[in-house]
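Quick notes on the structure that follows.
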Amino acid sequence: MKYEYKSTCSYCGVGCGILVSRTSDGRVFIKGDPNHPVNKGKLCSKGLNLHHVVNNKSDRILYPKVRMAKSYPLQQVEWPKAIDRVAKVFTSLIRKFGPDSVGFYVSGQCLTEEYYLATKLAKGFWGTNNIDTNSRLCMSSAVVGYKMQVGEDLVPISYEDIDFADCFFITGANPAWCHPILFRRIEERKKNNSNVKIIVADPRRTQTCELADLHLQLKPGSDIYLNNAIGRILIEEDFIDSSYISKHLNGFEEYQKQVMTLSVKEYADKCGIKEADIRLAASFIGNAKGYIPMWAMGLNQSVIGVNKNLSLINLSLITGQIGKV
Ligand code: SF4
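Counting from 30, one number per residue, gives the positions in the sequence shown under our numbering.
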């Protein structure tokens, strides 16, 4: 079978590359793209079943349907008529109530180009900032955390760094289930390097914990205490990178004061875990040549999500692990 089109799996943020073929009767087949830098041909069970979403039309709307008034039944119409109707309704609302009377809520599954078009329509043509997406809400704590700490919203690392890391701190995430292809890369790294350490912080015992050298089963919501306890130990045990701190960081003294407000034992009690386990986690991080923290919604989806992010990223900063070659 000839796979003519390249695309991206739309299920999760790992971004696996896929190759797509289409038969003359319209059926779609896919496989992992062996040359894609993210997944190198692999796909998880979600990605492997993507084509069923296209091929199985039993629960899909294949044509536009319009209800001319609330009490009217839905009627199938041609695309031009449907588009015209949508445009007229939006135009009349904007004329009557102003551009901020309308808005877009966009799916997290859109591609960059689709976000671009939707944003252009909302901001450029309708004249409203009322556009939001599930992808932004999911990651907004991380976005603010990054902006506050490194000045812009970007992850200062690439997937290749996994192959150089010797300590992973996975917190508030279950990548074994939620980001399987990324997790395969961590498994591979650990399989080939017995010195690689994996710490998992999660109130649940998930499948990710099976790969962990240390599972910190902390109380829900106590993440900042855990991260600050690790920060305190890194400072006290001189695992920090003083030259990096003086060259690149602002506010280290305030940070130091803040993490010293509780003893490691007090932090451990707040987290409901053993002090010795926090010390072990800190020693894994402190001794690492390449340290990667990984987190997801367990930290982000919280009323103190930004502070959880800041407390975690601080550990990378004080150990000089950002911007390292
Ligand atoms: S890990 Fe699975 S769901 Fe996520 S992008 Fe890759 S194939 Fe798709």
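For each residue, glycine too, the CB sits at the ideal point set by N, CA and C.
Bear in mind the structure is a predicted one, so any value in this text is a computation, not a measurement.
The C-alpha of Thr200 is placed about 10 Å away from the C-alpha of Asn256. DSSP places Arg308 in no beta strand (DSSP E) but in the uninterrupted alpha helix (DSSP H) bounded by 304-316. Not a single heavy atom of the ligand SF4 lies less than 7 Å from the C-beta of Leu341.
When rounded, the separation of the alpha-carbon atoms in Ile307 and Lys294 is 9 Å. Within the same chain, Gly201, Ala202, Cys207 come within 7 Å of Ala325 by CB-CB distance, once the 5 residues on both sides are set aside.
Beta bridge pairing from DSSP links Leu48 with Lys35, Lys60. Where Trp324 is concerned, there is no enclosing alpha helix (DSSP H), although the beta strand (DSSP E) around it starts and stops at 320-324. Segment contact: the region 121-136 against the region 145-164, three or more CB-CB distances shorter than 8 Å; contact assigned. With the rule of 3 Cβ pairs closer than 8 Å, the region 230-242 counts as touching the region 205-221.
One residue list follows from the rule of a beta carbon closer than 6 Å to any heavy atom of the ligand SF4, given in chain order as Cys38, Tyr40, Cys41, Val43, Gly44, Cys45, Asn68, Leu72, Cys73, Lys75, Gly76, His208, Pro209, Ile210. At the C-beta level, Ile227 and Leu240 come within 8 Å of one another. Under the three-state reduction of DSSP output, Cys139 falls in the coil class, being neither helix nor strand.
If you draw a 10 Å sphere on the C-beta of Pro322, you find 16 or more other C-beta atoms in it, and that means buried. Going by DSSP, Ala202 is part of no beta strand (DSSP E) at all; its letter is neither H nor E. Its Cα nearest to that of Tyr32, the residue Arg51 stands out among Ala317, Leu344, Arg51.
Per DSSP, the unbroken alpha helix (DSSP H) holding Leu166 starts and ends at 163-179. In this structure, Val335 is the residue among Gly127, Leu183, Val335 with its C-alpha nearest to the C-alpha of Asp252.
Note on Gln104: under 16 other CB atoms within 10 angstroms of its CB, so exposed under the neighbour-count rule. DSSP links Val95 through a beta bridge to Gln104. Closest in alpha carbon position to Gly327, among Asn316, Ile314, Leu341, is Leu341. Burial check for Gly280: the Cβ neighbour count within 10 Å stays below 16, so the residue is exposed. The shortest C-alpha to C-alpha distance from Lys248 to any of Leu339, Ile302, Lys110, Ile347 is the one to Ile302.
With respect to Leu263, Ile314 sits close: the two C-beta atoms are nearer than 8 Å. Cβ contact annotation for Asn224 (same chain, cutoff 7 Å, sequence separation greater than five): Asp195, in chain order.
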